[in-house]
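First up is the structure itself, then whatever we jot down about it.
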Amino acid sequence: MLAADSKLAPVPAQDPIPLDGGDLWKQFIEPVEPFLQAVNERLAEQVNSFDPAIIPYADYAINGQGKHLRPALVALTANALGKITDSHVTSAVIIEMVHLATLVHDDVMDEAEIRRRRPTLAANWGNEIAVLFGDCLFAQALKLASSFPTPEVCRAVAVATNTVCAGEILQTQHRRDFKFT
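So for the sequence shown, the numbering used here puts the first residue at 1; every next one is plus one.
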């Protein structure tokens with residue numbers, strides 16, 4: 001049956017959601033804005049935890065002004081389940097650092113030159129620096145995870161990192177393999 005022949009009521013046209021999120025994104029994160037500010041401050045502190053010689057790379061990567069969707073989800077979930085604590089902030093920082101590491105590595109793998117409307121780390125400083133700095137981000141996330149009283153957080157970070165890296169390897173192995181299911 002063709003869509004034109006359908007007896008279903010037509011769906012009213014809706015205004016498209018702007019690609020940048022705009023006001024909708026602001027509405028979404030407004031309840032957790034103080035949390036996101038705390039995450040941003042803690043991320044900025046992480047810049048100084050790196051060797052002074054690589055602080056420019058850390059500053060560039062960490063302060064890239066993404067939307068911080070993952071930290072917002074941590075805050076919204078924590079709010080829904082009870083009260084937000086400092087551990088939630090630390091968890092959000094860990095998640096954001098792992099995410100940033102995957103973006104840095106992904107930009108190298110995809111030979112991307114632009115991310116978030118500015119040159120990628122690899123475009124600025126080369127693939128070798130970018131890969132090694134991505135590794136530093138993973139290591140820093142694990143270091144932060146080790147501050148929790150249980151090894152489960154470290155284990156979760158390690159598993160997530162392994163999964164992402166394995167996925168990139170598989171993606172690379174099957175690049176242009178149009179028969180791959």
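C-beta: ideal position from N, C-alpha, C; glycine also.
For residue i, which of the options has the nearest alpha-carbon?
i: V159; options: V32, V74 and L142; result: L142
i: A112; options: V98, H99 and N127; result: N127
i: L73; options: A145, V93 and L144; result: V93
i: P71; options: Y60, D86, A80 and I95; result: I95
i: A123; options: C136, D107 and G134; result: D107
i: G64; options: P52, A75, K26 and H99; result: H99
i: L24; options: T161, L69 and L43; result: L69
i: R117; options: Y57, K67, N40 and P52; result: K67
i: A145; options: A139, D86 and C154; result: C154
i: L103; options: W125, L121 and N79; result: L121
i: M97; options: I29, T161 and D177; result: T161
i: I29; options: D177, V157 and N79; result: N79
With 16 other CB atoms within 10 Å as the buried threshold, where does residue i fall?
i: P31; result: exposed
i: R115; result: buried
i: I55; result: exposed
i: S91; result: buried
i: Q187; result: Within the shown structure, residues of the chain are numbered from 1 to 181, placing residue 187 beyond reach of any answer.
i: A44; result: exposed
i: F138; result: buried
Just confirm the distance between the C-beta atoms of residue i and residue j, as a whole number of angstroms; I'd bet it's less than 8 Å.
i: A61; j: L36; result: Between L36 and A61 the Cβ distance is about 18 Å, and since that is not below 8 Å, they are no contact.
Pairing CB atoms from the stretch 128-137 with CB atoms from the stretch 167-175, are three or more of them under 8 Å?
The stretch 128-137 is not in contact with the stretch 167-175.
Ranges of the alpha helix (DSSP H) found wholly within the stretch 70-149, counting only runs of at least 4
As summarised for the stretch 70-149, the continuous alpha helix (DSSP H) elements at least 4 residues long and confined to that stretch are 86-109, 121-125 and 127-145, given in chain order.
Quick check for students: name the residue ranges of the alpha helix (DSSP H) that lie wholly in the stretch 23-58, counting only runs of 4 or more.
Within the stretch 23-58, the runs of alpha helix (DSSP H) that reach at least 4 residues and sit entirely inside it are, in chain order, 33-47.
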